[in-house]
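Colleague:
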Amino acid sequence: AGWLRKLPGTEKYTLGIKVFTLGRIADQGLSSCQSVRPLLEELASKTGETAILSMSDNVAAVCVDKIESSQRLKISSEIGQHFPLHAGATGFAVLLGMPEEQVREFLFRADLPSFTSKTETDPHKILERYHSLKDAGYVVSTGAVDPGVTGIAAPLFFAAENSYGSVGITMPEHRAQGEILRKAVDAVLETASAMEKKVSLAQKRGERP
């Protein structure tokens with residue numbers, strides 16, 4: 046849904062909002078995202094979970110690439126899927142990469158809908174969480190957008206393109222425990238660092254990322 050839109054009173058179709066959304070993101074760094082796909086594949090392989098690469102469109106985190114988990118019980122995502130910035134790991138990690146001034150502007154101007162009983166919608170409390178997680182550089186969130194789903198994500202910033210994003214994984218809540226959770230956090234952080242370094246190095250060399 047969202048890729049094509051039927052024109053009223055006709056049998057013709059036009060491009061939908063998802064196409065235009067991804068088009069805007071392409072201008073902001075999709076070439077970088079394409080270059081780091083092997084690292085996304087490695088993250089999915091290491092953790093056994095669905096790996097998601099997202100970029101900000103200024104109002105949400107939009108999935109621009111994903112590698113599905115091979116496990117029978119898994120959490121799936123779609124290219125073009127929107128994740129709220131104020132709730133859940135994928136979106137909140139984008140906020141972590143942004144300067145506080147931009148985060149404040151977003152939180153106190155945007156509509157912050159509730160998805161579950163665990164969704165925080167108070168901008169003051171969300172800002173407190175931003176401060177508490179900023180230094181750690183990652184987010185673990187369970188049930189804030191979808192019940193029974195745990196997400197782990199870290200922020201991305203591609204300086205030359207001035208674009209913000211996140212990389213992470215999603216898994217059923219019951220698997221996000223103990224040593225599995227700890228190793229998953231480490232894998233996400235390593236992937237985020239490797240992605241930023243790869244893009245930065247290519248840009249310094251004057252190469253297309």
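Heads up: the sequence shown is residues 46 to 254, going by our numbering. In this text, a Cβ means the ideal position worked out from N, Cα and C, and glycines have one as well. Bear in mind that the values here come from a model prediction, so they are computed numbers and not experimental data.
Mind reading off the beta-carbon distance from A96 to I112? Whole number of angstroms is fine, and I expect it under 8 Å.
Modeller: 5 Å
Colleague: Are the segment 232 to 249 and the segment 85 to 102 in contact at 8 Å, needing three or more beta carbon pairs?
Modeller: With a cut-off of 8 Å, the segment 85 to 102 and the segment 232 to 249 count as touching, because enough Cβ pairs lie within range.
Colleague: Ignoring anything shorter than 4 residues, give me the alpha helix (DSSP H) runs that lie fully in the segment 71 to 126, in order along the chain.
Modeller: 76 to 80 and 82 to 92
Colleague: Roughly how many angstroms lie between the CA atoms of L163 and E173, to the nearest whole one?
Modeller: The sequence given here places Lys at residue 163; Leu does not occur at that position. Straight-line Cα distance between these residues: approximately 16 Å.
Colleague: Run through DSSP, which three-state label would L172 get?
Modeller: helix
Colleague: Can you give me the C-alpha to C-alpha distance between S177 and G196, rounded to a whole angstrom?
Modeller: C-alpha separation (whole angstroms): 18 Å.
Colleague: Determine, using beta carbons only, whether K179 and L141 come nearer to each other than 7 Å.
Modeller: yes
Colleague: On the criterion of 16 or more Cβ atoms from any shown chain inside 10 Å, does A105 qualify as buried, or is it exposed?
Modeller: buried
Colleague: The alpha helix (DSSP H) with G196 in it runs from where to where?
Modeller: Run containing G196: none in the alpha helix (DSSP H); it sits in the beta strand (DSSP E), V194 to F203.
Colleague: Apart from the five residues just before and just after G193, which ones in its own chain have a Cβ nearer than 6 Å to its Cβ?
Modeller: E218
Colleague: Tell me where the beta strand (DSSP E) around V184 begins and ends.
Modeller: V184 to T187
Colleague: Is the Cβ-Cβ distance between A132 and P200 less than 7 Å?
Modeller: no
Colleague: Among V81, S114 and M216, which one has its Cα closest to the Cα of S99?
Modeller: Nearest C-alpha to S99: V81.
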